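In the working numbering, the protein residues as written are 148 to 534. The structure appears right after this line, and notes come after that.
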């Protein structure tokens, strides 16, 4: 009897060891919340690569033939048509929190930025439909409204708030503590706000294509739309005043000349002025990295890198540069507009550089003098530099 049981157990063990391992993994972009990427990557990388090899044409290059459907609906849309929200259950799912936490137990903002770019893509395609290729053109200023003081579930939300020209759109996004069911987000629970600019292209020619306009309905929507117009005008003004297009104005030229004269004094052995110990050249603050762009971070069109990944990488390198310069952990306050000048192909080597370009008196938290409807509010204010 014992021999029969032993023989039976051995056969079962052999059968189990011969059984092939298998798993079902949902398609998603590495490092991005699953609810934002389940519909982004439709084809495994190997299949997309083989299809590219069989076709004999590089899908990242213009084909010269339009692939935009002729029957696209270009009628104006409401802001609410593109609204999308997702709850990130960090407080309820410890292992999910594990992928967002940094070494000090706080939330990695770079990972949130990746999610926000993915969310802007979801919103953009709700507005344009799937017949076009939509890419991230820019991320406007990101401001921290109320820093997180504890781990909580977060709600990502956003919508198309302005359509600029014929092919680009502004998407306003918000990250806040997730409200209880049936309640709205309170102003004091908003962590950060930002705007992404997305551009729609013809999948074949890679040229801009028309997208539906936006029709604001409520007074609040009209205010948001008007702000979008101002943002668009401001971006155009900055572009036109760029040093790439314009020479420095008188004030800028005077500043550059004064700084040049000062550094000449530091190097002149006959001049008694010496560089203070707390003055550094920008070159001394530079940090650089190089990395191969892997397909796990590709966008939904397979052969270019996801913009949110680039935003995260550059933000974290800037954080390292600031920490290395200050010899302490910096606190993130805001991010100036970031522009995506050129796409980054999968398989390329990406070189990144961060440099400290400006310092200011310390920023401290204190009471603001701005009117606040009788409520006390905390604002970041600048302390006075000691002479």
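For each residue, glycine too, the CB sits at the ideal point set by N, CA and C. Nothing here was measured: the structure is a model prediction, and the numbers come from that model.
Residue 444 burial status per 10 Å Cβ neighbour count (16 or more: buried) | So residue 444 ends up on the buried side.
Burial state of residue 267 (16 or more Cβ within 10 Å) | buried
Nonlocal neighbours in the same chain, by C-beta distance under 8 Å from residue 212, ignoring five residues either side | A distance below 8 Å between beta-carbons, with the five flanking residues on each side excluded, links residue 212 to the following residues of its chain, in chain order: 351 and 352.
Can you name the residues that DSSP bridges to residue 481?
-> 290
Report the residue ranges of all beta strand (DSSP E) runs contained in full by the stretch 333 to 378; include only those spanning at least 3 residues, in chain order.
-> 337 to 348
Using DSSP with H/G/I as helix, E/B as strand and the rest coil, what is residue 447?
-> coil
Nearest chain C C-beta to residue 409 closer than 8 Å, yes or no?
-> Protein chain content of the structure displayed is limited to a single chain, and chain C is not contained in it.
By Cβ distance, which residues of its chain are closer than 6 Å to residue 544, with the 5 residues on each side in sequence left out?
-> Because residue 544 is not part of the residues shown, which for the chain are 148 to 534, the question remains open.
DSSP state of residue 402, grouped into three classes?
-> helix
Mind checking which residues open and close the alpha helix (DSSP H) that includes residue 460?
-> 454 to 473
In chain order, what residues of the same chain have a beta carbon less than 6 Å from the beta carbon of residue 469, not counting five sequence neighbours either side?
-> 477
DSSP-derived helix/strand/coil call for residue 281 = Three-state DSSP puts residue 281 in a strand.
Distance between residue 298 and residue 253 (C-alpha atoms, nearest Å) = 8 Å
Can you grab the Cα-Cα spacing for the pair residue 242 / residue 356, in whole Å?
-> Rounded to the nearest angstrom, the two C-alpha atoms are 42 Å apart.
Residue nearest to residue 290 in terms of C-alpha spacing, selected from 459, 272, 314 and 342 = 342
Could you tell me whether the Cβ atoms of residue 248 and residue 255 are closer together than 8 Å?
-> yes
In whole angstroms, what is the alpha-carbon distance linking residue 200 and residue 447?
-> Going from the Cα of residue 200 to the Cα of residue 447 covers about 18 Å.
N- and C-terminal bounds of the alpha helix (DSSP H) containing residue 248 = Element bounds for residue 248: n/a, residue is neither H nor E.
Determine the burial state of residue 359: buried for a count of at least 16 other Cβ atoms within 10 Å of its Cβ, exposed for fewer.
-> buried
If you follow the beta strand (DSSP E) that residue 309 is part of, which residue opens it and which one closes it?
-> For residue 309, the enclosing beta strand (DSSP E) covers residues 301 to 311.
State whether the stretch 293 to 308 contacts the stretch 212 to 227, with contact taken as three or more CB pairs (one from each stretch) at a distance under 8 Å.
-> yes
Outcome for residue 261 when other beta-carbon atoms lying within 10 angstroms are tallied against a minimum of 16 | Counting of Cβ neighbours within 10 angstroms places residue 261 among the buried residues, the total reaching 16 or more.
Since residue 498 is in the beta strand (DSSP E), which residue starts that stretch and which ends it?
-> 496 to 501
On the three-state DSSP scale, how would you describe residue 328?
-> coil
Find the nearest neighbour of residue 301 within the set 326, 313, 316 and 484, judged by alpha-carbon distance.
-> 326
Could you check the C-alpha separation between residue 386 and residue 483 for me, to the nearest Å?
-> Taking the straight line from one Cα to the other gives about 14 Å.
Taking C-alpha atoms, which residue in 337, 371, 236 and 349 lies nearest to residue 294?
-> 337
Check each candidate in 499, 314, 472 and 492 and name the one with the smallest Cα separation from residue 464.
-> When each option's Cα is compared against that of residue 464, the closest is 499.
Who are the Cβ neighbours of residue 192 in its own chain at under 6 Å, not counting the five residues just before and after it?
-> 442
Could you check which residue in 303, 320 and 245 has the C-alpha nearest to that of residue 182?
-> 303
Neighbour-count burial assignment, residue 286, 16 or more Cβ in a 10 Å radius = buried
Pair within 8 Å by beta-carbon distance, residue 229 and residue 281 = no
Buried/exposed call for residue 272, threshold 16 Cβ in 10 Å = buried
Between the C-alpha atoms of residue 473 and residue 497, what's the straight-line distance to the nearest angstrom?
-> 26 Å
If you drop the 5 nearest sequence neighbours on each side, which residues of the same chain put their C-beta closer than 8 Å to that of residue 504?
-> 429
Length of the line joining the Cα atoms of residue 292 and residue 339 | 5 Å
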